[in-house]
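In my numbering, the protein residues as written are 319 to 762.
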Amino acid sequence: MYISKSFIPILKNNPSEAKIKSHQLMLRVGMIKQSSAGIYSWLPLGFKVMKKIEKIVKEEQNKIGAQEILMPTIQSSEIWKESGRYEDYGEEMLRIKDRQGREMLFGPTNEELVTDIFRSSLKSYKSLPQLLYHIQWKFRDEIRPRFGIMRCREFYMKDAYSFDINDEEALFSYNKFYLSYLKTFNRLGLIAIPMAADTGPIGGNLSHEFIILAETGESKIYADKRIFDVKSDDTKLEKKSLEALRNKFEEFYSVTDEKFNKNEFEKKVKETNRLTTKGIEVGHIFYFGDKYSKPMGASVDLPGGKKDFVKMGSYGIGVSRLVGAIIEAKYDEKNEVMKWPISVAPYDVSIIPMINKNDNSALDKASKIYFEFEKNNIESIIDDSDENISSKIKKMNLIGAPYQIIIGKQTDGDLLEFKEIGEEVQKINLAEIIKIIKEQKVRN
Ligand code: P5A
């Protein structure tokens with residue numbers, strides 16, 4: 319992409335309405351544009367990042383055998399009356415009447431709709447387990463939407479649902495998502511810690527939030543620091559291995575505000591290991607058994623001829639929130655430098671030529687490099703404007719491609735000034751640069 323042709327509306331200064339760094343940066347580099355309170359349009363740069371996050375989320379869902387579907391955003395109130403949540407959900411639910419006067423709503427979540435799909439399609443235990451997921455816009459009429467896309471009214475969520483024959487199998491499904499979440503967040507360059515959490519309006523008695531640490535987070539957390547050392551790499555998709563993983567994490571105290579108990583915390587965690595801080599909830603998983611299947615009559619035939627209600631769980635990831643969460647984790651606000659993990663970076667590398675009025679040689683060189691990158695599936699962005707080199711670097715530091723090439727007067731022959739954001743400049747040739755970037759991309 320040439321910056322002159324791009325739709326990246328950059329602001330000179332930080333927008334004053336934004337209180338946290340992710341919101342500031344997203345407005346500053348034109349990733350999003352507010353259309354009304356808590357509702358945003360996604361502009362090219364922001365949309366690119368969100369789509370890359372979505373792709374990783376999908377890949378990790380597919381790996382545990384979840385199948386993708388797509389349910390609508392607008393739902394009928396009927397199924398919510400069956401589950402009993404139509405009244406309970408309260409003012410957070412956006413209710414709409416169609417031209418026939420039917421009560422509809424913009425889905426805040428999909429437990430009812432997916433239970434309805436299940437009950438009308440599958441009848442036998444032989445079809446179990448089933449894991450279904452979709453990635454779709456949700457609407458929650460939050461009282462105080464804030465921090466840009468972090469707590470907004472319309473947001474993009476991956477929600478998955480599991481259907482099992484009994485508690486034991488359902489727990490196996492739950493644990494598969496538990497592992498897949500750790501892997502997903504890891505690929506996004508984040509360290510997300512599973513924490514025992516409240517179930518709120520979704521229900522059930524087993525639930526974990528996945529939290530990344532950030533001072534600006536809205537969730538208060540209490541943890542034993544040693545939980546950060548727990549590794550999940552060697553976990554297999556087998557009951558025992560997954561249980562062992564959960565046990566490894568659960569050895570260490572880690573809870574959100576609602577589950578916090580001061581005495582317990584002080585008893586279980588010695589003072590030097592106590593961590594009290596804030597975090598951002600990027601995922602949340604629930605096990606609620608027959609909370610929906612029972613009132614909605616979603617049952618299966620069991621081996622002996624009896625019937626039972628299918629046991630369900632649901633599993634959410636805030637795909638749009640993750641864009642902000644990654645910025646909170648990676649943006650160096652003081653120096654105004656963003657470095658996206660290469661797995662989700664809007665561009666892999668920025669090319670910054672020093673352009674003089676009567677001399678196009680740096681731009682020509684930049685264009686050649688650009689096409690060479692393209693051939694190698696490396697996405698680059700060239701700043702072909704006639705601004706001076708330091709304001710170009712500033713701009714590219716905000717856009718946050720993790721690598722930069724600067725083409726200045728000193729550039730001669732094959733050697734290029736190449737740097738990874740935050741590291742020293744190296745003088746190497748294009749083939750070596752391509753090799754470095756490709757290796758990083760494969761690893762992620
Ligand atoms: C799980 C999937 C659920 O809705 N039902 C289906 C369950 N869980 S949840 O915790 O309420 O939401 C899942 C994730 O969605 C993100 N999220 C939000 N993102 C932006 N703005 C909001 N207002 C918002 N509300 C929830 C969070 O990442 C949450 O973990």
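Virtual Cβ for every residue (Gly too), placed ideally from N, Cα, C.
Taking the beta strand (DSSP E) that residue i belongs to, which residues open and close that run?
i           : result
residue 387 : Element bounds for residue 387: n/a, residue is neither H nor E.
residue 596 : 592-607
residue 574 : 572-574
residue 415 : 412-415
residue 421 : 421-424
residue 513 : 511-514
Sorted by chain position, which residues of the same chain lie with C-beta nearer than 7 Å to residue i's C-beta, five sequence neighbours on each side aside?
i           : result
residue 342 : 332, 333 and 336
residue 713 : 328 and 701
residue 564 : 493 and 496
residue 746 : 733, 734 and 736
residue 594 : 540
residue 561 : 493
residue 441 : 618 and 619
Taking the straight line between their C-alpha atoms, what separation do you get for residue i and residue j?
i           : j           : result
residue 467 : residue 566 : 33 Å
residue 622 : residue 444 : 12 Å
residue 516 : residue 576 : 6 Å
residue 634 : residue 547 : 24 Å
residue 549 : residue 384 : 24 Å
residue 434 : residue 527 : 26 Å
residue 457 : residue 426 : 5 Å
residue 470 : residue 450 : 25 Å
residue 422 : residue 415 : 6 Å
residue 367 : residue 626 : 43 Å
residue 392 : residue 424 : 5 Å
residue 677 : residue 686 : 16 Å
residue 536 : residue 749 : 45 Å
residue 614 : residue 396 : 11 Å
residue 743 : residue 652 : 21 Å
residue 755 : residue 354 : 39 Å
residue 760 : residue 611 : 42 Å
residue 490 : residue 557 : 6 Å
residue 461 : residue 411 : 11 Å
Let me check one thing: in DSSP terms, what residues is residue i bridge-paired to?
i           : result
residue 627 : 617
residue 449 : 480
residue 745 : 735
residue 352 : 358
Going by beta carbon distance, what residues of the same chain come within less than 6 Å of residue i, once the five residues before and after it are set aside?
i           : result
residue 734 : 723
residue 684 : 669, 671, 700 and 725
residue 553 : 497, 559 and 563
Kindly indicate the opening and closing residues of the alpha helix (DSSP H) around residue i.
i           : result
residue 532 : Per DSSP, residue 532 belongs to no alpha helix (DSSP H) and is neither H nor E.
residue 499 : 485-505
residue 556 : Where residue 556 is concerned, there is no enclosing alpha helix (DSSP H), given that its DSSP letter is neither H nor E.
residue 691 : 679-693
Excluding the 5 residues flanking residue i on each side, which residues of the same chain have their C-beta closer than 8 Å to its C-beta?
i           : result
residue 372 : 453, 474, 476 and 637
residue 600 : 503, 508, 510, 528, 529, 530, 635, 636, 639, 640 and 643
residue 572 : 511, 512, 513, 514, 539, 540, 541, 542 and 545
residue 704 : 673 and 675
Sufficient close CB pairs (3 or more, under 8 Å) joining the segment 476-491 to the segment 437-453:
yes
Touching by the beta-carbon criterion (3+ pairs, under 8 Å), the segment 396-404 and the segment 576-590
no
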